[in-house]
Amino acid sequence: MLHVDDLRVHYRTLRGDVRALDGVSFSVADREIMGLVGESGSGKTTLGKSLIRLDGRMRHVGGTVTLDGTELPIGDDGRMNAFRFNDVSIVPQYAMSAMNPTRRIGTMIRELVTSRGIRFDTVRSELDRRLDLVGLDREVLDRYPIELSGGMKQRMVMVISTLLNPKLLVADEVTSALDVSTQRAVALALAGFRDRDLVHAMIVITHDVSLVYQIADTILVMYAGKLAEKAPTDVIVERPLHPYTRALIAALPEVGVQYAGKRLTGIPGGPPSLRPPPPGCRFRDRCPVAFDRCAEQPPFVEVEPGHSVACWRAS
Amino acid sequence: MLRLDGVSKTYKVGALARKDLHAVRDVSFELRPGEVVSLIGESGSGKSTIGRMILRLTRATSGTITFDGTDIATLRRGSLKEYYRAAQGVFQDPFSTFNPVFKADRVLTMIRQVYFPGTGDVEWRGRVDDALSAVSLNPDQVLDKYPHQLSGGQLQRLLIARALLLDIRLLVADEVISMLDASTRIDVLNLLADLKERGLAVLFITHDLSLGNYLADRTVILRRGSVVECGATSAVFGDPVHPYTRTLLASVPRLGIRWSDEDLDPGPCRYHAVHPGGGPPLAEVGDDHLVACFAGNDERECV
Amino acid sequence: MGRYFGRKLAIYALTFFVAVTINWLIPRFMPGDPVSRMVARAGMQTPEGVAAMREYYSSLFGFDVPVWQQYLNFWGGLLTGDLGVSLWAFPQPVSSIIVAAVPYTLGLLIPAILLSWWAGNKFGAYAARKKVLDNTVLPIWYVLTATPYMWLAILLAWALGKVAGLFPVGRTFSASLRPEWSWVFVTDLVSHWFLPFLSLFLVAFGGWAIGMRNMVIYELESDYAHYLGALGAPGKLVRRYAFRNAMLPQITGLALQLGVIVGGAVVTEIVFDYRGLGYLVLEAIKSSDFFLLQGIFLFIVIGVLVANFIIDVVYVLVDPRTRAGMGGGA
Amino acid sequence: MSDDPSATKDAFTASGTGREALFFARRNRKLVGGGVVVLVFLLVALTGPWFTTDDPLAYVGPPGAGPSGEFWFGTTTFGQDVLAQFVHGLRATFFVGTVAALIAGVLGMVVGFTAGYRGGLVDEVLTMITNVVLVLPVLAVLMIIAAYLEVRNIEVQALIIGLFSWPWVARAVRAQTLSLRAREFVDLARLSGAPVRRIVFREIAPNMASYLFMVFILLFGGSVLFAATLDFIGLGPTDGVSLGLMLNHAKQWSAMDLGMWWWFVPPGLGITSVVGALYIMNVGLDEVFNPKLRET
Amino acid sequence: TGADGPNAGSGGDAGGGYPRAETLFTSGTQWGPPSNWNPIMNWTYATGTVGLVYETLFLYDPLTDEYEPWLAESGDWTSDTTYEVTLREGLTWTDGEPITAEDVVFTVELGQIEQVPYHNLWDYLDSAEAVDERTARFTFADPRYQQWANWVYFNPIVPEHLWADKSDEDVTAGANENPVGSGPYLYETHDQDRQVWVRNEDWWAIEALDLDVAPRYVVDLVNTSNEAALGQLLEGNVDLSNNFLPGIASLVDGGYQLHTYFAEPPYMLSANTTWMIPNTTRAPLNDPAFRRALASSVDTATIVNSVYGRIVSAADPTGLLPIWDEYIDRNVVGQHGFSFDTGEAKRLLNQAGYRDTDGDGLVENKDGSPLELTLATPSGWTDWNEAARVIAEGAEAAGINLVSETPADTVVQDMRESGEFDIILDNQRQMDNTPWRYYEYVFGLPVQEQQTTVNYGRYENQRAWDLVNQLDATRIDDLDGMNGIISQLQRIQLTELPIIPLWYNGLWSQANETVWTNWPSAEEGSPGYLPSMWRGYPQRGAIRMLTELRPAEQQ
Ligand SMILES: Nc1ncnc2c1ncn2[C@@H]1O[C@H](COP(=O)(O)OP(=O)(O)OP(=O)(O)O)[C@@H](O)[C@H]1O
Ligand SMILES: Nc1ncnc2c1ncn2[C@@H]1O[C@H](COP(=O)(O)OP(=O)(O)OP(=O)(O)O)[C@@H](O)[C@H]1O
Ligand SMILES: [Mg+2]
Ligand SMILES: [Mg+2]
């Protein structure tokens, strides 16, 4: 069970802080796959990284993250190390280059595991099982990363990241670089991990709503560093409350839809700068239903069980 | 208007260029004015290569590409310039299509230098404004800015505006929307649709089937450089025949429909039903609907 | 992989051919005719004596046949190890002079190259992770690479040799000793070797350290390093990987630097009066000993080519990426 | 070090962000410090000869005198003013460095651009030539050439150094051109009917400007060191003064044994300072252009 | 100073070295590795080959102008055209064979091979024969007394029994490994950087002359550079350096135990004369008046004091070395001598019609065309390069546009031989038994296409050449006869100035007294021999230096 409470993470830059995460609170239940969607730059990656490892420019400004009752010391790189891999793990956006190119994959895994104080023998058989699970030959362990195709690498990284059965797995854009058929295989493999209870909870970050729709239990929509809406997958797709969510869904073309038949519309304008963000609702400028009250930041409130939204109109 | 006849492309790769890589094999199709053809295939299937050959950025190894009856391989300096007046391209990555060192509107100035050297400032400014408004860009927002100060959608539209400055009749749009956000993407798609209304032919290259479907009159499915199925979009999407096409379609994540393993069985080889002893690369299986043998390109026998 | 080596070999063969041809051209295009030179040195007084000597030396140096044949003979001689006769140490064969000098040069170069490379890499990698250390030693390294070889050598000779008197300056071993495997002799040899070695080592060291430092910084910023970090791998493992990967370009760098280092040895040997190939080069130039010069040049070229090839092989062995790339498959 | 692929990796990121670069440039201690040192020496080289004697070889003082109020850097065994030689020598140093770097830079760029942009057979041949020159032990070749040249002056020296220093530039430029050529703005320029020359110089080259500038600095440093080496072993210019020749003379006239440190310390220090400052500037530049290296 | 000090390896043979106290280290002669031991190749043999191993019939000491019988017991002209030499009794080669008159005759007859340097001996020698075991007789067609006197002290005798089978090529260009001679040392070993000789305990002179060489080993070190030699000398690793060591003057009193022949400037004996050689076939250098103006423009004092730091001395206008002082006709010199005088140089130019017509301060040719001359000195010959600069500056001050150039030395050599030069420097005549050798150099005729040894300036004066030949045919003990001819030659020389003598180069020689003492010196009571291991010097008496050396007192 993951609880994120009022998490604020900023990027330090020369021209002031970028408030990439500006107070986000949500929870992910056990055995829940939560899809995290939003426009580019909305803070999805930042959120994912915050749960694992802040990079040099990221600063934990406030808020807490609690995993199964333990507070994660996300601002403290040293103390956080104990949780990584064991409790929280990530499948990064850059899976294509995530493995040391000059090490055989098996060797790398052995060294990684050993460095965490775990004897390789103890995980060896599990490793083989996982490879079978994602449909990789065991012999890939003797290969170098360059000898694997993109989809294979993606699945390999998934196996590595989940090897110690973490409580939480963050998967960041794991399918974006793949073509449709591979995409499907990888996404299903991801769901497979949850189904076999190898991972308790999972956050799947993507900008492709239709993809998360396939595997996620709930979807969290982010907009400009803030949460816009969270609800079970079907609810989000069928009855979105936040105008941004609605626009997002409406802009998705579907197979069979032709412009001549049903002309889709995009969302006019662009997201605001986060350095610093304007006051009030951040979607205000692009929102077709904005009104005076929007000058004030709407709270992220639960409007029905499991369905929270940050919009004055909705609540 | 544009016609590809048995076009192939072989890249020489490896040390001392000894290995052949058949990126495109024996591809033929036609593009008529005001028609959008979408070229669909997985990564590496040769889509971009076809687009580049049409724009003469790469030469075909064999086969001919004709534009208004002229073989574009024969074009030389002056005539090539005229060809580009009529045919232009827009590419996948808007950020890499702009030279980051220069202001974004340099792409427009280059057109002026080559094609409109005599045009006065005022007249030119008028043309630019027209082109920009055609792609619904506000001149003040995009002129005199560096590429990194503009969004991907703006840049992509700027590129289309650039093409519009010329009297183009053909636009090769190579994955123009795959780098864009879902919301921006639809704007660009709609813009292309509008251009089609104005009589422009568009070769729409994509790996995203839903997007190919949204716009296109006709669809060509590529696999490893060969056409496996092509025809009217409604035919190809409504009744996908080739197993590869079916796999692709089944893998597309759709809202409201979860993945299932149905629809994957293609039944017996429909190509062989038409040409039992083998024949042309593509067999007609319906009205404006052609398909290749179900076997891969490598196997000779269809099982 | 065979094709990769084939290609490399082709380049080396071509280089060798070009170098040999240039080499052959040297005495034929440059001012000063070796035959006249020998004749003049002998101080012949009578015209008959001069004529007779000319004839003798022309045939000795092989100048009495048509040019194309001279070229072929040159290759022929080369392949049989016959590099002609030295003018400077007439009538000793060039090959034996070179053979006598080579151990000294290699004894100086190989430790200097390998140790500076090894130490530079270690140290550079070390500095890359410590901001403070990095900021203090980096300028020093840059100054070291910017130092002209000979100046560093002169300073060392002056400070450690002349002023402090710690090491002897000049010669490869004391003139009062006979070369043999005795304790006294070996100590003496090493004490003479040390300063030239140190100067070569120092100058090269800075360069390697800088290269390594930059590479490690990039490697530590690479995706795999971030991934390992995200999985909580200790810094030690990450740095070890970064170091190993950063080492690869340094191997190529080693190949590229070889030619330059040979040049450094020339200068160092001059400053320290050390009797290796470098000293021979200069003597050959000073005395216009074309044949010796040709021989040394050939030797250096062959040495550099062979070393390059070895490094190529090593590189392929250690970097899976080249192997995969070469297979053409992937 | 010069062929360091890391240096090329992020060259693109340099572009388009001129103002930001300037901001970092001014804040970068390495760049500013190195720049100041180089400028000071350049100034000395340019104006120094006016303040010292016209003829740095003239016998103006007592023989072999140490530094004094009259002769700040002392005199040579002949009584020549070491300071005068030093400032004149600096000139030669800057000259050789600049000219050789220009020649090598231009050659390397032409070869690199041609090979990278044209590709195919042209590329194969040029790469082959580049590799051949690259593995030649350059100093040995230069020594041989220099030894047989009848006329040797600073210009010739700069020329021959330049003619042999280009290969790694060509390699690096080729690699960059290859990757830039694959970028779509080049295609766009072709679609705009721009000729090859224009594409190379107006589209590709500007993207490498910062890199080329750094290459120039490295070439400059390398050439200066090369020239000093040639001078030192007696294959330098046969007339005039240079810092390397000063070292050569100091050595030949046994300055070390005669304890005349003031004769051989300044020229070496001069070369080291100029080249070292340039190299440090280069690190600074790298940090400016390459966000990854910036100090946070 | 650690392992490298003078006492290193003092454990004797057991310690692997040459016992320091019994070894003489020399340097300054060998500029490449010892590569041959062929006494016929008298320009390249390993240092000591002649003198330490092969010996001559006589020694000649230029300082005393005396011939000392060496292998010969005596040598006399028995008639105007016959010369008889008698060998000492009981001489043997070091392989035990006796040295006989046949060996002497054989050696002389080797000269019939064209490539042997003394081939021209047979221009005037008719025959050579052994009269008995110890006596050889030479019959001359055209006796050249001066040349012959030169031959007998300069050329070593080689053993017939070992040399008779050698081919002509072997005689003239063979390496002659394992040299067998008669001298005080035997070949021990050689290396790239040294030549080692070991004492011949059976040397004939031990008994015959009661002489013995002091050092058990002579190690001659190959030179890399003069400055390296200086370092080795200062550290006491070298006992005798015959290198040109600029700056030595400042070190002599510096507590380094350094010893030079003279205790004050010029420190060195004068060994040869450096001349400026104008190409007399080119205008305006073909004009004696111009040459004279040029001569007056040279600031020799600056060269001597600044360039050389006073280790050389200015030359007499005749250029004859101090040892030949008695041959200088002071009258002639008083009348026609020249000295540095810029004003005089200008006056001479003006008088001869060289005027500055374009006002640039430099004179033009008589026909008004621009006059530009170059002075070429080999690059890397730093002292000459410096001197050339001084000369050029002096010339410019006098109004002569003279540019100093430093091509490679091979180039200078080619220029010199082919006559493709304006002005060069040269010093190719050492101190010798007769000034005839000097004048042969100055006036040698005929001028050939390639001038390989003499008269590079291509000065043609038949009368002078006749006088030189006349001098050659004068007996060496006929001083008046010689002086009469030489005086006429000097008049021609000083009025015509085919060469312009500038300074005397030293017999570079500096010794370290730490291990060996009693070095040759000008001081009263010291041996006055020539302190040099240069080729050609052992026979000029320098071998006697080795017999006079004493080990230094051991502390
Ligand atoms: N290193 C950084 N320095 C400064 N700002 C940054 C940095 N990284 C990200 N940001 C800013 O933080 C905000 C959130 O970025 P983030 O990468 O989390 O977005 P995202 O939703 O993952 O977008 P995408 O879909 O493009 O991956 C953006 O405005 C971005 O510009
Ligand atoms: N210049 C080239 N040299 C060699 N091979 C090339 C070159 N360009 C493309 N290829 C190869 O040709 C094949 C087809 O490439 P192409 O870019 O046309 O594919 P694509 O369908 O556009 O793929 P994507 O969806 O990834 O853009 C690929 O295997 C590619 O590696
Ligand atoms: Mg992201
Ligand atoms: Mg493509």
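Residue numbers (my numbering), protein chains in the order written: chain S, 320 to 634; chain D, 378 to 680; chain Y, 2 to 331; chain Z, 2 to 297; chain L, 436 to 990.
Glycine residues also receive a C-beta, built at the ideal position from the N, C-alpha and C atoms.
State yes or no: is the beta carbon of residue i nearer than 7 angstroms to at least one beta carbon in chain Z?
i	result
ARG61 (chain Y)	The amino acid at residue 61 (chain Y) is misidentified as Arg; the sequence shows Leu. No, no contact with chain Z.
GLY803 (chain L)	no
Check whether the Cβ of residue i lies closer than 7 angstroms to any Cβ atom in chain S.
i	result
SER528 (chain D)	yes
LEU238 (chain Y)	yes
Does the Cβ of residue i have 16 or more other Cβ atoms within 10 Å, making it buried, or fewer, making it exposed?
i	result
GLN465 (chain D)	buried
ALA579 (chain S)	exposed
LYS424 (chain D)	buried
ARG575 (chain D)	exposed
Under a CB-based cut-off of 7 angstroms, is residue i close to chain Y?
i	result
ALA417 (chain S)	yes
MET261 (chain Z)	no
THR332 (chain S)	no
ASN484 (chain S)	no
ALA608 (chain L)	yes
Going by DSSP, what residue range makes up the beta strand (DSSP E) through residue i?
i	result
LYS549 (chain S)	545-551
ARG629 (chain L)	629-634
ARG600 (chain D)	595-600
Can you list the residues of chain L that residue i reaches, using a CB-CB cut of under 8 angstroms?
i	result
ILE98 (chain Y)	PRO468 and GLN627
GLY65 (chain Z)	GLY682 and SER685
Using a beta-carbon distance below 7 angstroms, is residue i in contact with chain L?
i	result
GLN177 (chain Z)	no
PHE291 (chain Y)	no
ASP82 (chain Z)	no
Taking 7 angstroms as the CB-CB limit, is residue i close to chain D?
i	result
GLU573 (chain S)	yes
ARG503 (chain S)	yes
Residue i versus chain Z: which residues are under 8 angstroms apart at the beta carbon?
i	result
THR817 (chain L)	HIS250, GLN253 and TRP254
Hey, could you find the ends of the alpha helix (DSSP H) residue i is sitting in?
i	result
ILE262 (chain Y)	236-272
LYS781 (chain L)	777-787
At 9 angstroms on the CB atoms, spell out the chain Y contacts of residue i, in chain order.
i	result
PRO411 (chain S)	ASP224, HIS227, TYR228 and ALA231
GLU621 (chain S)	Per Cβ cutoff of 9 angstroms: no residues; GLU621 (chain S) is ~32 angstroms from chain Y at best.
Please list the partners that residue i has in chain Y, where partner means a Cβ-to-Cβ separation under 7 angstroms.
i	result
PHE404 (chain S)	LEU232 and GLY233
Proximal residues, the region 84-112 of chain Y versus chain L, C-beta separation under 8 angstroms: SER87, TRP89, ALA90, PHE91, PRO92, GLN93, ILE98, ALA101 and ALA102
Proximal residues, the region 264-280 of chain Z versus chain Y, C-beta separation under 7 angstroms: PHE265, GLY269, ILE272, THR273, VAL276, GLY277 and TYR280
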